[in-house]
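Report on the following structure.
Chains as they are written, first to last, in the numbering used here: chain D, 1338 to 1642; chain L, 756 to 892.
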């Protein structure tokens, strides 16, 4: 049975086909609005994430399906000490497909080992968040019209920022892309990601601590939030939080056709004044995300329309 | 001490010189209630020096653990004073409950009765990663 745990579970061709399907849904949503009738999506969120959960639920409802689930561990049996394996085994008897988010890395692998239905990883700690990456990829294809030959700047928390790791993994599979790794010293991209997906593939890259120095060269600026929950130490969080903020002023140096992306939620790393800039794509990303989740649900449920 | 002197047991041979004690501790041979001999710096035609461990008794040896510590070693199994099998050890693709994930954010730190499984992700770097969280072993 197919699951989606990591973006690399999908080949480039599979991702392209998913994006084609998402395009088709966007072009004619009515064609799909009963395609998952009588199917149930369970959204098991052991850690709160309103945006991702609502995106999944909206996707399933737009396909004519139904949803059930919980939005935090406190309202699930895990609060009583039930294992992930047992929860998933039980819920897979009540649903046709499961989207799960869990604070522990690798929890969806256990889910996939025990589920009787497809499992979608909706985020496992600081590890993977493949449907965010699918949303990112569709945004890039729609907004820029290509997946290759791009100068991609990733900025902020590159150490714990799982969306950045997955984006680099995914975009390193397309030709002629270059990466600009923009972060403070403490939040640099981990060596294993850099080695495996950039250096070993001979992909050009530049590491810098200054957004201003490279913003003019970029096709994509992918901003990330410095997340409180990834730090053990409040002092470190407060010190690094404000390091890399995108302002109207900095946008003046950016190219006219550059796009600004962000996995959201934003705290203060992009000034709200930037929102009205036509290059700001982060709210569109959430819409693309819903369509990609619709396409993914159809694929994993093997529904042909 | 000769192989012949063991009636039923194992000889772990061709251990890289200096790694014998690592393997001894890794396999927890100190906990065995049987004679165990450690020969360090023995002559080797191939490498000059090698370590050898002899275990005089029947016990379940974790071959994967030997492959993890020293993939160049060999294991000879002796029964009734005769060599019944000589096995060349290779790096195992999968390690189960040989090493343990130390990442506090990994699901293995909280899930009940979960086995710790690592996959060989880079043979040239002898690199194993947890199948759940991808942390290095």
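Every residue gets a Cβ at the ideal spot worked out from N, C-alpha and C, and that includes glycine.
Worksheet item: Whole alpha helix (DSSP H) runs in the region 793 to 854 of chain L with 4 or more residues, listed along the chain?
Response: 818 to 824
Fill in: residue 1549 of chain D, DSSP secondary structure in three states
helix
Worksheet item: Hey, out of L:763, L:871, L:769 and L:854, whose CA is closest to residue 960 of chain L's CA?
Response: Coverage of chain L is limited to positions 756 through 892, which leaves residue 960 of chain L absent and any answer about it impossible.
Item to complete: Taking a Cβ distance cut-off of 7 angstroms, strictly less, list which residues of the region 1457 to 1468 of chain D are near chain L, in chain order.
Response: 1462, 1463 and 1464
Practice prompt. Specify the secondary structure class of residue 1570 of chain D as computed by DSSP and reduced to three states.
Written response: coil
Worksheet item: Interface residues of chain L around residue 1447 of chain D at Cβ under 8 angstroms?
Response: 862, 866, 869 and 887
Worksheet item: On the three-state DSSP scale, how would you describe residue 1496 of chain D?
Response: coil
Worksheet item: Going along chain L, which residues have a C-beta under 9 angstroms from residue 1420 of chain D?
Response: 865, 866, 867, 868 and 869
Discussion item. Quick check: the region 1461 to 1468 of chain D against the region 1477 to 1484 of chain D, are at least 3 beta-carbon pairs closer than 8 angstroms?
Written reply: no
Fill in: Min CB distance residue 858 of chain L to chain D below 8 angstroms
yes
Worksheet item: Relative to the C-alpha of residue 1443 of chain D, which residue among L:889, L:810, L:767 and L:842 is closest?
Response: L:889
Practice prompt. Under 7 angstroms between beta-carbons, which chain L residues line up against residue 1444 of chain D? List them in chain order, please.
Written response: 862
Worksheet item: Counting contacts by CB-CB distance shorter than 8 angstroms, is residue 1441 of chain D in contact with chain L?
Response: yes
Worksheet item: Apart from the five residues on each side of it in sequence, which residues of its chain come closer than 6 angstroms, Cβ to Cβ, to residue 1511 of chain D?
Response: 1484 and 1485
Worksheet entry | Among L:799, L:809, L:805 and L:796, the one whose alpha carbon lies nearest that of residue 782 of chain L | L:809
Worksheet item: Using a Cβ-Cβ cut-off of 7 angstroms (strictly less than) and excluding sequence neighbours within five positions of residue 1454 of chain D, which residues of its own chain qualify?
Response: 1429, 1432, 1433, 1434 and 1435
Fill in: Beta-bridge pairing of residue 1645 of chain D - partner residues as DSSP gives them
Residue 1645 of chain D is absent from the model: chain D starts at 1338 and stops at 1642.
Fill in: residue 1546 of chain D and residue 1522 of chain D closer than 8 angstroms at C-beta
yes
Practice prompt. Would you identify the three-state DSSP class for residue 872 of chain L, choosing helix, strand or coil?
Written response: strand
Discussion item. Applying the 10 Å Cβ sphere with the 16-neighbour rule, what's the burial state of residue 1560 of chain D?
Written reply: buried
Worksheet entry | Secondary structure, beta strand (DSSP E): runs of 3+ residues fully inside the region 1397 to 1452 of chain D | 1403 to 1407 and 1434 to 1439
Worksheet item: Between which two residues does the alpha helix (DSSP H) containing residue 769 of chain L stretch?
Response: Residue 769 of chain L -> not in any alpha helix (DSSP H); beta strand (DSSP E) instead, spanning 764 to 771.
Worksheet entry | Residue span of the alpha helix (DSSP H) that contains residue 1349 of chain D, given as start and end | 1349 to 1364
Worksheet item: To which residues of the same chain is residue 824 of chain L closer than 7 angstroms at the C-beta, ignoring the five residues directly before and after it?
Response: 774, 777, 778 and 781
Worksheet item: Run through DSSP, which three-state label would residue 1340 of chain D get?
Response: coil
Item to complete: Consult DSSP for residue 791 of chain L and reduce its assignment to one of helix, strand or coil.
Response: strand
Worksheet item: Can the beta-carbon of residue 1590 of chain D be found less than 8 angstroms from the beta-carbon of residue 1552 of chain D?
Response: yes
Worksheet item: What is the rounded straight-line gap between the Cα of residue 834 of chain L and the Cα of residue 767 of chain L?
Response: 15 angstroms
Worksheet entry | Limits of the unbroken beta strand (DSSP E) element including residue 1590 of chain D | Element bounds for residue 1590 of chain D: n/a, residue is neither H nor E.
Worksheet item: From residue 1382 of chain D to residue 1391 of chain D, what does the alpha carbon distance come to, in whole angstroms?
Response: 11 angstroms
Item to complete: Using three-state DSSP, classify residue 1513 of chain D as helix, strand or coil.
Response: coil
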